[in-house]
Every structure is written in structure tokens, then in C-alpha cells.
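Notes follow once the structure below has been shown.
2 protein chains.
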Amino acid sequence: MMSLNKSKLTIDYTGMMHSDQNPKGLLKKELQGLQPLLDKAEAALAVLRETGKLDFSKLLPEMQTQLPEIKAYADQVASRFENFVVLGIGGSALGPLAVQQALKHYYYNELTAENRSYRPRFYVLDNIDPVRFQELCQVLDPGKTLFNVISKSGNTAETMAQFLIVRDNLRRLCGESYAEHIVVTTDQEKGNLLPIALKEGFKRFVIPRGIGGRFSELTPVGLLAAAICGIDVEELLAGAWEMDQWIREARDVFTNPAQLKAALAYLSWQKGKNISVFMPYVDGLKTMADWYAQLWAESLGKRRNRGGEVVSLGQTPVKALGVTDQHSQVQLYTEGPDDKTVTFVTLDKFKFSQEIPIDRDLPEDIQFLGGRTLEELLFAEQKATEYALTLAGRQHQKIILSALNAHAVGQLLLLLEWETAYMGELLNINAFDQPGVEEGKNGTYALMGRAGYERKKQDIEKYGQEKYVLTPTM
Amino acid sequence: MMSLNKSKLTIDYTGMMHSDQNPKGLLKKELQGLQPLLDKAEAALAVLRETGKLDFSKLLPEMQTQLPEIKAYADQVASRFENFVVLGIGGSALGPLAVQQALKHYYYNELTAENRSYRPRFYVLDNIDPVRFQELCQVLDPGKTLFNVISKSGNTAETMAQFLIVRDNLRRLCGESYAEHIVVTTDQEKGNLLPIALKEGFKRFVIPRGIGGRFSELTPVGLLAAAICGIDVEELLAGAWEMDQWIREARDVFTNPAQLKAALAYLSWQKGKNISVFMPYVDGLKTMADWYAQLWAESLGKRRNRGGEVVSLGQTPVKALGVTDQHSQVQLYTEGPDDKTVTFVTLDKFKFSQEIPIDRDLPEDIQFLGGRTLEELLFAEQKATEYALTLAGRQHQKIILSALNAHAVGQLLLLLEWETAYMGELLNINAFDQPGVEEGKNGTYALMGRAGYERKKQDIEKYGQEKYVLTPTM
Chain A
1 MMSLNKSKLT IDYTGMMHSD QNPKGLLKKE LQGLQPLLDK AEAALAVLRE
51 TGKLDFSKLL PEMQTQLPEI KAYADQVASR FENFVVLGIG GSALGPLAVQ
101 QALKHYYYNE LTAENRSYRP RFYVLDNIDP VRFQELCQVL DPGKTLFNVI
151 SKSGNTAETM AQFLIVRDNL RRLCGESYAE HIVVTTDQEK GNLLPIALKE
201 GFKRFVIPRG IGGRFSELTP VGLLAAAICG IDVEELLAGA WEMDQWIREA
251 RDVFTNPAQL KAALAYLSWQ KGKNISVFMP YVDGLKTMAD WYAQLWAESL
301 GKRRNRGGEV VSLGQTPVKA LGVTDQHSQV QLYTEGPDDK TVTFVTLDKF
351 KFSQEIPIDR DLPEDIQFLG GRTLEELLFA EQKATEYALT LAGRQHQKII
401 LSALNAHAVG QLLLLLEWET AYMGELLNIN AFDQPGVEEG KNGTYALMGR
451 AGYERKKQDI EKYGQEKYVL TPTM
Chain B
1 MMSLNKSKLT IDYTGMMHSD QNPKGLLKKE LQGLQPLLDK AEAALAVLRE
51 TGKLDFSKLL PEMQTQLPEI KAYADQVASR FENFVVLGIG GSALGPLAVQ
101 QALKHYYYNE LTAENRSYRP RFYVLDNIDP VRFQELCQVL DPGKTLFNVI
151 SKSGNTAETM AQFLIVRDNL RRLCGESYAE HIVVTTDQEK GNLLPIALKE
201 GFKRFVIPRG IGGRFSELTP VGLLAAAICG IDVEELLAGA WEMDQWIREA
251 RDVFTNPAQL KAALAYLSWQ KGKNISVFMP YVDGLKTMAD WYAQLWAESL
301 GKRRNRGGEV VSLGQTPVKA LGVTDQHSQV QLYTEGPDDK TVTFVTLDKF
351 KFSQEIPIDR DLPEDIQFLG GRTLEELLFA EQKATEYALT LAGRQHQKII
401 LSALNAHAVG QLLLLLEWET AYMGELLNIN AFDQPGVEEG KNGTYALMGR
451 AGYERKKQDI EKYGQEKYVL TPTM
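Chains A and B supply the protein sequences, listed in that same order. Position 20 of the first sequence, counting from 1, maps to 20 under this note's numbering, and the rest follow consecutively. Position 193 of the second sequence, counting from 1, maps to 193 under this note's numbering, and the rest follow consecutively.
Structure follows, in C-alpha cells:
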């Protein structure tokens, strides 16, 4: 079905490993020692895959078969609408945003229609701040806008609130034809959105049953948005499939990238690294760090293990961007506590090169820039940061993509999803649920006055009766 | 000089403190017990202020006197240029960006000129990714663009590289008049940019001597950009001055907001919280989290204390955004390890209200939204998240701004700067240097072939001779 080895993804984990310069690094035999656990994880994940818990991998071929319908619809709406707005939150927002920002122009929405190949501008409304909501409405002509409501259950309060407002606006402005401005991505059989979509005649795409929000990018959740923006969705899936095959076929920690990365994370975590920094040296991958942060935090931050014991574990993901954050965070990473590992993401090659002009009149300490390129400077800074971290005894690794294209992004998504799944197994927790989100939802229902939550409301009002508040007295 | 108490900033630290619901919270007497240390810190900071290390506070009145020149220049260029681009990195970028995003339209650059009150579009180029650089050039007409080069020393490699490219482009495109497209913000007396600016006739603004990048927002670094975007810079300074006075006049931990916040941070840090989450529930403050992350990380992440002992301390700042990240990070914050505190930032009131329409046909579990407003939902979710954290035994606090306006943003900036300064004193480290950044700079010089760094280059090349690399074998 797909082209193999079209672009190479490399993991350089030298900075994690013991050496003369890195005496606190991991030993090869520590990695080897995890193999029995990894073998067990592999077997457990194979079972999960067969029973519908690992659909981000299992359903890739099926997604491929859905592409013709997705692309046909995307082409049709691309010629009709000037704007495409995702209404979604969490995985429904972070995935589409990360992929669009990685693969399209950095200032995409400011390009002329021609320079966008007559594709719509792209917005993701992932919050309910009333000011931002209204400000978005100010820059969009609703008559020329398509809204994609994404929620599997249709009871995501934020998304449904947005939907109700948008639908109301569209009805007033577009009359009967309002339904053509709404496309719904939701469950096949149940939830609140499905009957509304059927009744009102919204175009509809399906989120496969076994997929949670943070693993849903390579389903219609992400593929529709990508296709509408003109991203090569075949290549995205091809890269994902290539990585998926690699991970399912390679059998040990030194050849299987997901096993390797999970093992490195697990050993570091055991040694007290409770922070995992994700630091691309590529502006287009800045939003990918947000996507990764949800994946890692929500999958692995768990109170109970599979045996029901209270373990309260999880690494905190931190997003950074090189070289920018060398001037913001790297002081802490090198000199602060030894409580984190850093994962760099770099490219073999940027799409463009940018030369720095020579000026012989410049002072010595900036003269050296002339005649070099921006990317040479960027690569030198990345390597120098690695070296500074190593000198400081801090561990780091690097994911190297051949280029920033759809194939490589597909590879990266699957690698990180599989790494997370393996890490869940090593930690013996369920990486696919999010029980901690429920308490907050119930509290919201109570405070919004939903029937049946009166008792909870009383509890919340009781909390904080003893207030500690500082206000100005001047 | 300024209006006092125009808008109230409140700190609600109930969620940090011991109570029936929060048995692991701090005791009032623990805060009281820090008073001697805080008194010592206050005295030390007063000395630093007199000796030019606390110019972010000391120079506020002087900045006020510079406003007429800044505003006059801003008005002049606003009518002439369609675009304003900051070339800077670290504090030179994060401050201007945070304030602009807090106080201007969320989709500012997409507004018509009229809706921008004929102010220029605003860009901050804070990285050297060659693709982003060229893509920015694609959406700007250089003939209608003003570039603000910000670097105190003029040897910031990234900014100087950008400057060299932009100057070259402008010379080719605008001929003799190229110098009118460049305004330089740099040191008064020294550095590499100053002689270039003098020789080529660039308009020039001064970064006061005693101010480091991360404390420079309320100097011409940030004030010029703000004025050009039409932000009320008087109110920004007035809010800052009000907070500055409050902090310098209130004498104890329960009345001084900087002492209080530093004490809360210090006690939490002592109890093993090595992570500090900054989580505004306001879309406009998303970038403020980046600014805060630099301030906290670079100021407090230090290898040695003032006595020269190796301490390797510092809390890792994490940026989050409510309600969005409830669907991404809060699972970890409630169920994961008890290794963090969360600081919420909320508003008393949003500028706009947005009602959610009623639809009696909706299923019960979303019916409750109808007739309420987006901001009610947002406030309920924030409060529910507080409650969920408290139930889970996790500590949190809340900064409440009266509204998102220039006065409140000025207050917030000074509060966080003073908190950081106090925290530095409590930790007995120098919060105003960044020695760890040097090693990376030297490495970059070496790898870029700068004369005098040959030995360093050899060292770097020696590192990682034993490579650990995983590449696909299929």
C-alpha cells in the first residue's frame, strides 16, 4: 500500500548514554535489562491492538480507504469556502493544529487566496474565552465559512457551547442553507451530535470507536482538516504506516524505536526525572510540542495502576522551542536540578536556505556570521546546546526527521503514540483513559446548575469557606 | 504621578493553605515563620535597587518621562508603515509579544487597517528557522515595513544575523532610504549595534544599563512596540507603578503580594514541588505564560548560590491555558505526582459577553448550557478545576485581574518580576545573571568557526565519538 523508507527518521540517543563525557548516562546493559519487560509490553499491546484499544495503529489501513471520500469533500468545500474553522478542544484541536502548522506556510492565513492555492484559511477555536470567540467572528464572514464540530460524545461542554452559538449565527445569516456550513465529526452510532447531524442534515465524518482524542489525529478528526488545507494526506498516512510497521516488526530495544524511546523514558523516570522537555529546533513543530504534551500528560499521569494500587505517577511534559528558548529555558536546563530529560527534534534539511550577508566592517564578534546561513547557525546552536547539557551532566536525545514533510510528520506521530503506549505498559497503567478529568466535569455541571448535581454544588461551595485573599489596601 | 487603585489585583491563595479539605496545605505559621528571611530579602533588594540591579522598579518614573518621545515616534511611523517587525530573541521578543497579545485583538494582523486604527500589523521574529524567515518575507512588503532590532550588546548572534539579512534586503529594495526602515533599541554607550546605528543613521532607543532582557518589558524594548500598536502605555506604566509602590510599602507576608507569592513558592519548593504551572484562563494571556516561563526559569535556575556553593536549584515553569488544557494537562495535575503548584490567572470581567442560545430539543446533558454565557462556563470550569485539585490534595493559587487592560497588565508584570526577585533572595542566588547560557554561546562560536574557538571545536567534536543511533533497517 505505501512507499517504504521514503524518508528516514533517526533517533540519536548518544546524549542519554554513559560515556567519558556523560558519566551519569545510562548503561547499555540497563537498556538490555528491560527487554523482558518490553517483550511483555509488546505482547500486551498486541492484545490491546486486537481488542480495539490500539486503533491508532490498527485502523491505519482502514483510514487509507476513507481518503477518497475525505478528499472529495475537501476539494468541494475548498472551492466554496474562504474559511475553515475547527470547533474542538483537546485532541480534536491539537492534532489538526499541529499538522497544519508543521506542513503549511507559517503565515498561512495571511497569504492571498492564490498563494493558498485557493484553499480556505484555517482556524482552530479550542477555547471558550468570549472575547476571542467574538474577535474570531469579527474577522470571518460566516457566509463564507465552514465549521467542523468535532466531539465523539457530543457532550463536550465547550465544543457544544460553541456549536450552539455558531449554529444560531448561521441560521440568522444564511437562512435555510445554514446546514451546509457545518460538518460534524463524531461517533458512528451514539452521542449527542449524531442525532442533531442526522436531523439537520449536516455532512458527517466518523471517529472510530476505539480511539481517544489524543490518538485521533490520523482519523477524520485530523485528516479532514489536513485535506482541506491541501496537505498530502496519503503521504501522512504512508509515513505513519511505515513507522507502524517498523515498530511492530522490530523486536528489541536497540532496533525498535518505540521500545527504545519508552525504555529511555522509563529508566530516566526511575532515576527521578519527573520532567520531559520536548524541544524542536523547527518553528513549524512548535505546536507539535502541544500535541505531544497532551499525549504524554493525559496518557501517563495516573493515580492508580492496573492493579488498582495508588501510584500517582507521570512525567510532566514541557514544551520548548530551539533556538528561541535557549534564551529562556536552557539556563535552567543546564544549571538547575537534574530532574529532566530533553528531546530535541531537528531536520536533516530545511526547505529553504537563507544566507547571511558578509559585511567586512562588522566587529569581530559578529563578523563570523557573514557568508554562513541561518540554518548553519541553527544547527550549530542545537549542537552546542547538546554539548552544554552533556558538560552539565544532563541527559538528552534527538529525533532527526529527513525533512518537514507529510511523510515525516506521519512517522513522528506514530512514533510518539507508540512510545506512549509502551511507556504505559512499562508503568503498568492504563494509558488510554482519563478518569481525572471527570471530577472537573462534574464540578462544572454542578456550578452551571445542571439537574442532579445539587449535592456536588454544596460541596464545592463549602470548600474554601476559610478564604485566604490578598487585596490592595492602599 | 499616577492613579492609584484604579483596578484591583487580588491574590486568592486559599488553595495553597491548610484546611479541612486541603490537609496537605501550608500553615499560616509557616508563612509567618519566613518573615525574618523576607525582611532580610527586602533589605537586600532595597540595596540592589539603589545599586542598579533592580532597575525594572527603580527606573519606572524615568520611563514615564521617555513616553512623549516614544509616542511621538510611534505615531509618526504608524501612519507610514503597514508592518512592524521586532527582530529579537528572549526577553526582547517575549515581553513585546505578551503585552501585544494581551491587549490587542486576538486576530490583530488579520484586521483591516481601519479596524487596526491604521496601526501597523505586528510581528515578532524570535527565531532563525530559515523557512519561517523567508515565509515572513513573503507576506511583508519591505517598502512598507519597519524593523525594530533589539539587542543590548549587539552580539546576540540570532538577532544580528536577522539584522544583516534584513538590512541587505532593504538596501536592495529601498536604496538610500533603507535606514528609515530600521529602528534600533540598544545600549546607550557600548555594544556592536550602537556604532552601526550612529554611522547609518538609524533611529535609536536606549535600553537602560542595569536591566536584563527578561526584566526589560517596561523599557523602550516593550514600550515602543506597545505604543506602535496603539496600546495605552501610560496606563501600562501606571499599573506597574501602582504595583511597585504597593510592594515597596507593604511590610509583611500577608500584605505584600511579592513577599506572599515568593513565600508560597519557596515553601512549596522546599516541600519538593519542582514544577510551577502558570495557567491563565484568558486567551490573551497565553503568551504571558511564555514571558513568565523565561523570567522564572532563567532567573532562578542556578548552579551556584551567592556563597559559591553548588546548589543546582530552580523550579521548572510550565505553561498551560484554561480551559483548553483541562483537556490536555489537568489529568496529570490531579492524578499524577504531587510535584507541582498551579497558578491560575483569571479576570473579574471579560470585555465581551457571549450568550449560549437555548434549544429545548437538546439532550439533557447539554441542555444546561442554553441561556448561560461562555464566560459563565469558563468561570465554572476554572472553579471546578480548583476544586478537583483540592480534592486531589494538590496546591494552587489564583491571581485575579479586574479586567484585561493596560493597567492590569502593568500590575501583573511588576508583581511577577518582584516575586522572582524575592524568590532569588530566599534561595540565596543571583536572580539577575545567566551564566549557563555562556557555554552554549561558546559552543556556537566554535562550531561556526569563529577565530579563537578552535580548541572548543575539538572538544565538541570529541564528544559523542561513541554514537548511539537508531535508523530504520527495513
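Where is the CB? At the ideal position from N, CA and C, for every residue including glycine.
| query | result |
| --- | --- |
| Lys349 of chain B: CB within 6 Å of a non-hydrogen atom of the ligand COA | With respect to the ligand COA, the structure offers nothing, as it holds no ligand at all. |
| Residue-level contact to chain A via CB, Ala384 of chain B, 7 Å cutoff | yes |
| Beta-carbon contacts of Ala74 of chain B that lie in its chain and below 7 Å, excluding the five residues immediately before and after | Leu224, Ala227 and Ile228 |
| Assigned secondary structure, Arg306 of chain B (DSSP; H/G/I helix, E/B strand, else coil) | coil |
| C-beta atoms of Met448 of chain B and Ala380 of chain A nearer than 7 Å | yes |
| Assigned secondary structure, Arg171 of chain A (DSSP; H/G/I helix, E/B strand, else coil) | helix |
| CB contact check: Ile399 of chain B to chain A, cutoff 7 Å | no |
| Pairwise C-alpha distance: Gly393 of chain B and Pro23 of chain A | 38 Å |
| Burial state of Leu27 of chain A, where buried means 16 or more other Cβ atoms lie within 10 Å | exposed |
| Continuous alpha helix (DSSP H) stretch holding Phe391 of chain A: start and end | Residue identity check: residue 391 of chain A is Leu in the sequence provided, not Phe. It spans Leu374 to Leu391 - the alpha helix (DSSP H) in which Leu391 of chain A sits, taken as one unbroken run. |
| Span separating the alpha-carbon of Gln245 of chain B from that of Pro257 of chain B | 11 Å |
| Beta bridge counterpart(s) of Gln487 of chain B as assigned by DSSP | The structure shown does not extend to residue 487 of chain B, since chain B is modelled only from 1 through 474, so no value can be given for it. |
| The stretch 236-253 of chain B touching the stretch 299-308 of chain B, judged by at least three CB pairs closer than 8 Å | no |
| Alpha-carbon to alpha-carbon, Ile70 of chain B and Glu189 of chain B | 19 Å |
| Three-state class that DSSP yields for Asn109 of chain A in the structure shown | helix |
| Proximal residues of chain D, C-beta to C-beta of His407 of chain A below 9 Å | Considering every chain present, this structure includes no chain D. Its protein chains are A and B. |
| Closer than 8 Å at the beta carbon, the chain B residues around Ala74 of chain A | Within 8 Å Cβ-Cβ: nothing; Ala74 of chain A doesn't reach chain B, min ~23 Å. |
| Near-chain A residues of the stretch 300-313 of chain B (beta-carbon distance less than 7 Å), N- to C-terminal order | Gly301, Lys302, Arg303, Ser312 and Leu313 |
| Close Cβ partners of Thr10 of chain A (< 7 Å) along its chain, the five nearest in sequence each way excluded | Ile400 |
| C-beta neighbour in chain A for Ile460 of chain B, strict 7 Å | yes |
| Proximity of Ala240 of chain B and Leu60 of chain B at Cβ, strictly below 7 Å | yes |
| Where Leu4 of chain B sits in the DSSP three-state scheme | The predicted position of Leu4 of chain B is uncertain, since its pLDDT is 46 and thus under 50; a value taken from the coordinates is nonetheless stated next. If DSSP states are grouped into helix, strand and coil, Leu4 of chain B belongs with coil. |
| Cβ of Arg450 of chain B within 7 Å of any chain A Cβ | yes |
| Phe344 of chain B to Gly15 of chain B span [Cα, whole Å] | 11 Å |
| Neighbour list for Glu42 of chain A in chain B, Cβ cutoff strictly below 7 Å | In chain order: nothing, as chain B lies at least about 17 Å away. |
| According to DSSP, residues forming a beta bridge with Glu355 of chain B | B:Thr373 |
| Run of the alpha helix (DSSP H) containing Asp187 of chain A, from where it starts to where it stops | Careful: Asp187 of chain A lies outside any alpha helix (DSSP H), inside the beta strand (DSSP E) at Ile182 to Asp187. |
| Whole-angstrom distance between Thr324 of chain A and Asp55 of chain B, CA atom to CA atom | 25 Å |
| Contacts around Met2 of chain B, its chain only, beta-carbon distance under 6 Å, and the 5 residues preceding and following it disregarded | Confidence is the limiting factor: at Met2 of chain B the pLDDT is only 40, short of 50, which leaves the residue's position unreliable and the question unanswerable from this model. |
| Ile70 of chain A - partner residues in DSSP beta bridges | DSSP, once it has assigned bridges, lists no residue as partnering Ile70 of chain A. |
| Host alpha helix (DSSP H) of Gln397 of chain A (start-end) | No alpha helix (DSSP H) contains Gln397 of chain A, which is instead part of the beta strand (DSSP E) from His396 to Leu401. |
| Burial state of Ala250 of chain A, where buried means 16 or more other Cβ atoms lie within 10 Å | buried |
| Residue-chain proximity (Gly239 of chain A, chain B), Cβ-Cβ < 7 Å | no |
| Chain A within 7 Å of Tyr178 of chain B, Cβ atoms only | no |
| Contact set for Thr156 of chain B: own chain, Cβ-Cβ below 7 Å, skip 5 residues either direction | Ile89 |
| Extent of the continuous alpha helix (DSSP H) to which Asn148 of chain B belongs | Asn148 of chain B -> not in any alpha helix (DSSP H); beta strand (DSSP E) instead, spanning Thr145 to Ile150. |
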